[in-house]
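These notes concern the structure reproduced below.
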Amino acid sequence: MDESEIIKSVADHVREKFQGEGSGHDWWHIYRVWQNAKTIAASEECDIFVVEMGALLHDIADHKFHGGDEEIGGKTAEKILSTMGVNEDIVRSVVYIVNNLSYSKNINNKRDLPIEGEIVQDADRLDAIGAIGIARCFAYGGSVGNEIYNPEIKPDLAMDKERYKKGKSPQINHFYEKLLLLKDMMNTDTGRQLAQQRHIFMQNYLEEFFAEWEGER
Ligand code: NI
48 MDESEIIKSV
58 ADHVREKFQG
68 EGSGHDWWHI
78 YRVWQNAKTI
88 AASEECDIFV
98 VEMGALLHDI
108 ADHKFHGGDE
118 EIGGKTAEKI
128 LSTMGVNEDI
138 VRSVVYIVNN
148 LSYSKNINNK
158 RDLPIEGEIV
168 QDADRLDAIG
178 AIGIARCFAY
188 GGSVGNEIYN
198 PEIKPDLAMD
208 KERYKKGKSP
218 QINHFYEKLL
228 LLKDMMNTDT
238 GRQLAQQRHI
248 FMQNYLEEFF
258 AEWEGER
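Residue numbers for the sequence shown, in this note's numbering: 48 to 264.
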């Protein structure tokens with residue numbers, strides 16, 4: 048198989064696996080991250096094949112749903128790529144990216160990523176903010192039974208990895224605990240520019256939300 052056939056075949060595999068998933072980590076999340084990654088990669092010197100593979104496989108097996116095995120994503124990605132005859136160096140790069148890019152793994156100390164990993168990480172973070180990010184935030188909250196907002200529960204601004212994983216606070220708090228912080232955590236210039244626009248959109252959204260909450264608009 049050549050590279051474009053492998054990309055198509057991995058995309059088909061991932062699409063089938065994630066079809067209809069309802070917590071915001073569905074196929075269309077992967078699809079958007081893939082598109083964001085290509086947009087960012089266009090202004091970076093990088094191996095676009097590794098970027099696309101990393102984007103398509105970045106959520107292939109979330110440790111949250113696999114008893115906390117933090118390497119499960121990489122192992123699953125490796126299995127898929129080896130059956131397609133992808134060269135070992137590339138498999139190794141993709142596995143490294145899949146195992147090291149997630150938000151929770153980078154909370155306590157930031158992990159070093161190659162440029163391809165930085166691009167996929169930016170692409171994934173972009174999908175957590177802006178109009179899409181708002182939709183995903185509430186979709187996820189609904190799936191775990193969180194409230195939309197509760198003025199009596201204040202955001203936890205000193206969130207570390209363990210508290211982040213528990214995630215029991217109302218979804219509006221999640222903007223202050225994570226989503227509004229992402230624009231300053233981007234790796235690439237293009238990622239930063241796109242994040243800035245999405246950030247402003249979220250700020251406007253929150254202003255409207257609180258005004259409506261108090262019956263002012
Ligand atoms: Ni993701």
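Ideal placement from N, C-alpha and C gives every residue a C-beta, glycine not left out.
Under a Cβ-count criterion, where at least 16 other Cβ atoms within 10 Å of its own Cβ denotes burial, should residue i be classed as buried or exposed?
i	result
aspartate 231	exposed
arginine 183	buried
isoleucine 247	exposed
aspartate 136	exposed
glutamine 218	buried
alanine 108	buried
serine 140	buried
aspartate 116	exposed
asparagine 193	buried
serine 283	The question about residue 283 has no answer here: the residues shown for the chain are numbered 48 through 264.
Output yes or no for whether 8 angstroms exceeds the beta carbon distance between residue i and residue j.
i	j	result
valine 57	glycine 101	no
aspartate 169	threonine 235	yes
isoleucine 195	methionine 249	no
glutamate 163	valine 97	yes
glycine 290	asparagine 153	With the chain running from 48 to 264 in the structure shown, residue 290 is simply not present.
glycine 180	leucine 226	yes
leucine 104	valine 133	no
glycine 238	isoleucine 144	no
glutamate 224	leucine 204	yes
glutamate 106	isoleucine 77	With the sequence shown as reference, residue 106 is identified as aspartate, and glutamate is not the correct amino acid for it. Contact flag set, yes.
Just how far apart, CA to CA, sit residue i and residue j?
i	j	result
glutamate 50	isoleucine 127	14 angstroms
phenylalanine 256	histidine 221	14 angstroms
valine 191	glutamate 199	20 angstroms
valine 142	alanine 178	30 angstroms
glutamine 243	lysine 64	32 angstroms
alanine 258	glutamate 99	41 angstroms
methionine 233	aspartate 159	13 angstroms
alanine 124	glutamate 263	50 angstroms
asparagine 251	leucine 229	16 angstroms
glycine 67	tryptophan 260	32 angstroms
valine 138	proline 202	40 angstroms
tryptophan 81	asparagine 197	34 angstroms
proline 161	lysine 215	33 angstroms
serine 151	aspartate 171	13 angstroms
Is there a Cβ of chain C sitting closer than 8 angstroms to that of residue i, yes or no?
i	result
lysine 215	In the structure shown, chain C cannot be found, because there is only a single protein chain.
Taking only runs of the alpha helix (DSSP H) that begin and end inside the region 172-235, which ones reach a length of at least 4 residues, in chain order?
-> 177-190, 208-213, 218-224
Minimum length 4: unbroken alpha helix (DSSP H) runs contained in the region 109-162 = 119-129, 135-147
Counting only runs that start and end within the region 71-107, where is the alpha helix (DSSP H) found for 4 or more residues in a row?
-> 74-88, 95-104
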